[in-house]
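Data first, discussion second: the structure below is written as structure tokens.
Numbering (the UniProt record's numbering), first residue to last: 1 to 271.
Written out as structure tokens, the structure reads:
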């Protein structure tokens with residue numbers, strides 16, 4: 001199996017790639033000129049905005065993991081160009097040059113209605129309220145309508161391996177209006193790899209899957225684990241399920257997180 005990985009130099013990709021290599025997978029990273037990657041992986045120069053550059057990268061590829069995305073920017077046009085147009089270009093290229101390849105799309109669980117009455121299931125209606133999740137849903141739809149053998153993994157808050165995400169909770173909480181008692185589903189980078197390996201084996205073919213660990217943690221807990229703090233609130237917690245997902249489907253298919261909680265990650269030095 002030869003895997004083409006996009007976003008290999010990003011926060012998630014740079015942590016996923018060495019784990020895929022350690023699991024024995026032959027990986028090829030799609031990179032722009034001048035980028036370096038984890039030793040042991042092949043590279044293919046290409047640009048998602050330049051469809052003609054993608055054909056050589058797809059030679060003999062049997063699976064594609066599409067991580068590349070734009071998230072932390074106020075430039076909504078760039079978000080849509082990267083996350084929708086770039087994904088469309090890749091899908092068309094795979095259909096043309098590697099039509100039998102399994103296509104695994106990393107999406108986000110931040111797409112569900114914030115007023116949902118329970119942890120979000122994959123069958124619940126989506127109601128993205130920002131450009132990033134909206135662009136991901138649009139890209140999901142393009143993939144579902146393609147001729148490819150696809151799977152879509154919706155990830156919640158990703159953390160660990162020194163990525164700095166926990167440290168940003170106090171920065172984002174005020175503008176996002178996160179209540180300190182609000183609990184959020186999480187996933188460690190190690191279990192991004194756990195889920196991706198299952199997807200590569202075909203476990204999630206043709207399905208949208210919520211991937212998360214065993215225990216959502218409160219915003220206050222996450223901030224403290226990142227060395228920060230959140231002020232208390234006298235306001236009631238009106239949307240307790242806003243950032244929580246139901247993982248019943250993933251578990252029914254055999255997914256078991258190896259880092260079950262953020263506290264396990266802390267105890268094992270994995271933050």
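Just so you know, even glycine gets a beta-carbon here, dropped at the ideal spot from N, CA and C.
Reducing DSSP to helix, strand and coil, say where residue 42 ends up. strand
What are the start and end residues of the beta strand (DSSP E) that includes residue 151? 149–155
Measure the beta-carbon distance from residue 108 to residue 81 and round it to whole angstroms, keeping in mind my assumption that it falls under 8 angstroms. Not really, about 17 angstroms apart at Cβ, beyond 8 angstroms.
Quick one: what does DSSP say residue 70 is sitting in, helix, strand or coil? coil
Using only the alpha-carbon positions, how far apart do residue 21 and residue 251 sit? Their Cα atoms are separated by approximately 25 angstroms.
Give the DSSP bridge partners of residue 188, in chain order. 159
So, at 8 angstroms on beta carbons, what are the nonlocal neighbours of residue 237 in its own chain, with the 5 sequence-adjacent residues on each side left out? Excluding residues within five positions, the ones whose Cβ falls inside 8 angstroms are 179, 181 and 182.
Backbone secondary structure at residue 89 - three-state DSSP: helix
Could you give the first and the last residue of the continuous alpha helix (DSSP H) run that contains residue 29? No alpha helix (DSSP H) contains residue 29, which is instead part of the beta strand (DSSP E) from 26–31.
Quick check for students: name the residue ranges of the beta strand (DSSP E) that lie wholly in the region 79–140, counting only runs of 3 or more. 102–108
Spatial neighbours of residue 89 within its chain, please: CB distance less than 6 angstroms, with the 5 preceding and 5 following residues excluded, ordered by chain position. 48 and 51
Of the residues 56, 226 and 197, the one placed nearest residue 269, counting alpha carbons only: The candidate whose alpha carbon is nearest that of residue 269 is 226.
Report whether the distance from the Cβ of residue 74 to the nearest heavy atom of the ligand SAH is below 7 angstroms. Within the structure as shown, the ligand SAH is missing, as the structure has no ligands at all.
Answer with buried or exposed for residue 63, where buried requires no fewer than 16 other C-beta atoms within 10 angstroms of its C-beta. Per the 10 Å Cβ criterion, buried.
So, does the region 183–193 touch the region 152–161, judging by three or more C-beta pairs under 8 angstroms? Touching, yes.
Opening and closing residue of the alpha helix (DSSP H) in which residue 169 lies: 169–176
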